[in-house]
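Counting from 745, one number per residue, gives the positions in the sequence shown under my numbering.
C-beta: ideal position from N, C-alpha, C; glycine also.
Owing to the predicted nature of the structure, the values given are computational and were not obtained by experimental measurement.
Contents: one structure, followed by commentary.
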Amino acid sequence: MTSTKIHLKLNGQFTIIFVTKLCLLEPGVEVLELGFGPGIGLKNALAKLGPHGRLYGVDPSEYMHSVASQRLASGIQVQEVAESLPLSDGTIDRVFHCNSYYYWTDLDKACNEIKRVMKPGKMNNENLSKFIILEENGFFKEVNWQPQLLMEALQRAHFRDVNMKNFQQGSIKYEAIFAAIN
Numbered sequence: 745m746t747s748t749k750i751h752l753k754l755n756g757q758f759t760i761i762f763v764t765k766l767c768l769l770e771p772g773v774e775v776l777e778l779g780f781g782p783g784i785g786l787k788n789a790l791a792k793l794g795p796h797g798r799l800y801g802v803d804p805s806e807y808m809h810s811v812a813s814q815r816l817a818s819g820i821q822v823q824e825v826a827e828s829l830p831l832s833d834g835t836i837d838r839v840f841h842c843n844s845y846y847y848w849t850d851l852d853k854a855c856n857e858i859k860r861v862m863k864p865g866k867m868n869n870e871n872l873s874k875f876i877i878l879e880e881n882g883f884f885k886e887v888n889w890q891p892q893l894l895m896e897a898l899q900r901a902h903f904r905d906v907n908m909k910n911f912q913q914g915s916i917k918y919e920a921i922f923a924a925i926n
């Protein structure tokens with residue numbers, strides 16, 4: 745079984761469905777979404793986990809926590825940050841996030857926390873889409889969204905085989921960062 749950490753930078757339900765598809769979610773796994781926003785990813789993941797899976801969500805925003813709570817009748821949501829995950833070591837099979845890593849205040853600390861909570865011997869995946877178009881249009885001027893920063897933080901956290909690959913879903917092209925953990 746692989747463990748997957750996904751990041752896609754496109755908005756909307758299409759993106760989160762694509763993300764959860766790439767995560768290879770299946771009944772019985774333990775899943776964490778970082779920066780769950782309004783809860784679209786949590787809801788989609790919960791539908792795939794079945795009664796024996798566990799879902800965790802971490803988001804620092806009190807407002808997003810409230811919105812996601814209204815969307816979900818069940819599922820675990822925690823108002824915390826990626827740099828300080830309230831989970832035990834080696835408990836999570838899959839981790840994904842959409843639109844969040846560039847808001848983490850400390851990429852190194854967050855990557856170390858993600859590695860800490862993931863089960864040993866799993867794979868870690870991150871996906872992102874076209875940031876350049878968004879940057880050219882004036883978005884993300886106040887955050888460091890560059891994928892190289894994240895790749896370097898993964899390497900410093902001792903993830904191995906950190907590399908980027910291309911995906912295409914219909915007419916939408918994505919770049920994916922892959923990193924393995926021991």
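| Check | Outcome |
| --- | --- |
| V822 and P830 closer than 8 Å at C-beta | yes |
| Cβ-based burial, A791 [other Cβ within 10 Å; buried from 16] | exposed |
| Whole-angstrom C-beta distance between G914 and I842, which should lie under 8 Å | The question names Ile, but residue 842 is Cys in the sequence shown. Between G914 and C842 the Cβ distance is about 18 Å, and since that is not below 8 Å, they are no contact. |
| Simplified DSSP assignment, three categories, for G801 | strand |
| Residue nearest to E806 in terms of C-alpha spacing, selected from R798, H796, G783 and N788 | G783 |
| Test item: CB-CB of C855 and A812 under 8 Å | no |
| Proximity of E927 and T835 at Cβ, strictly below 8 Å | With the chain covering only 745 through 926, there is no way to say anything about residue 927. |
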